[in-house]
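**Q** Quick one: the structure is below, questions incoming.
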Ligand SMILES: [Zn+2]
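Printed below as a string of structure tokens:
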């Protein structure tokens, strides 16, 4: 790892990349799995970060999408691979990082005309609000980075997640990979243009200083409301400490420490994933 460059935390997701529109495209089990489509975009982005120390956190599905062989090409990259792990999409963040990058991100659950809109769990979570704001994964994760005072410097994703996130984090660099026109449909840019934009973006990022970017966080007391897709999920999650039932499908948790809220959301997601055997 270099000693001169910036220290960059990349939280990796898949649905927001160019060339991707369906769950088959992003499911390792599918014969349509588009690993090469993803990798060509990731390589283009990492090209501009050769002077940086990069922590690359594979946070799509089981976290096993990016092959370790990528570190043969990029010795400055440390890869976090596999699951289940604490802090999932944000594992390894601490106050030593200069910036956070959200790569391949998608819009929050219920967003109009957004490829594979969901928030943490597409099967379990029907709605989620923090302090009254509808959430996407970028905002949830940005506030976790905020606990360590690390600013959000860059987002690569579809046009809808970019629109949503820009409202609250205006000074980051944004790159729309595609224009989503429905849950499984998008207008794609030509590949050479996307790859050039990715290289240019990361090169610009590697020369930027952290002071120009926003650290994001929520006002205290932080209130999170989660509406599940059915009542059994809400039944199960209601046994968690601090969680209070609001109605058939909704629960609520309030805390001053956002770390507690963030971990509660992950625990809810894991409980719901494990609970599929009961449904
Ligand atoms: Zn994903």
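In the numbering used here, the protein residues as written are 107 to 385.
Just so it is clear, CB atoms sit at the ideal spot from N, CA and C, and this is done for glycine as well.
Taking the continuous alpha helix (DSSP H) assigned at residue 341, which residues delimit it?
**A** 337-343
**Q** What's the call for residue 181, buried or exposed, on a 16-neighbour Cβ count within 10 Å?
**A** exposed
**Q** Near residue 270, what residues of its chain come up, given a Cβ to Cβ distance below 8 Å and the 5 sequence neighbours on each side ignored?
**A** 213, 214, 217, 242, 244, 245
**Q** How many angstroms separate the CA atom of residue 168 from the CA atom of residue 139?
**A** 14 Å
**Q** Compare the C-beta of residue 130 with all C-beta atoms of chain D and state if any pair is closer than 8 Å.
**A** Here chain D cannot be found, since the structure has a single protein chain.
**Q** With respect to 7 Å, is the separation between the Cβ of residue 119 and the closest non-hydrogen atom of ligand 1 below this value?
**A** Checking every heavy atom of ligand 1 against the Cβ of residue 119, one is found closer than 7 Å.
**Q** Starting from residue 361, follow its DSSP beta bridges and name the residues at the other end.
**A** 328
**Q** Sorted by chain position, which residues of the same chain lie with C-beta nearer than 8 Å to residue 108's C-beta, five sequence neighbours on each side aside?
**A** Below a pLDDT of 50, predicted positions are generally treated as unreliable, and residue 108, at 43, falls in that range; no measurement from the model is reported.
**Q** To the nearest angstrom, report how far apart residue 262 and residue 348 are at their CA atoms.
**A** 35 Å
**Q** Got a sec, what are the start and stop residues for the alpha helix (DSSP H) residue 48 sits in?
**A** Since the first and last residues shown for the chain are 107 and 385, residue 48 lies out of range.
**Q** Given residue 319, which residues of its chain have a CB within under 7 Å of its CB, disregarding the five upstream and five downstream residues?
**A** 205, 257, 258, 259, 277, 278
**Q** Who are the Cβ neighbours of residue 281 in its own chain at under 6 Å, not counting the five residues just before and after it?
**A** 262, 303, 307
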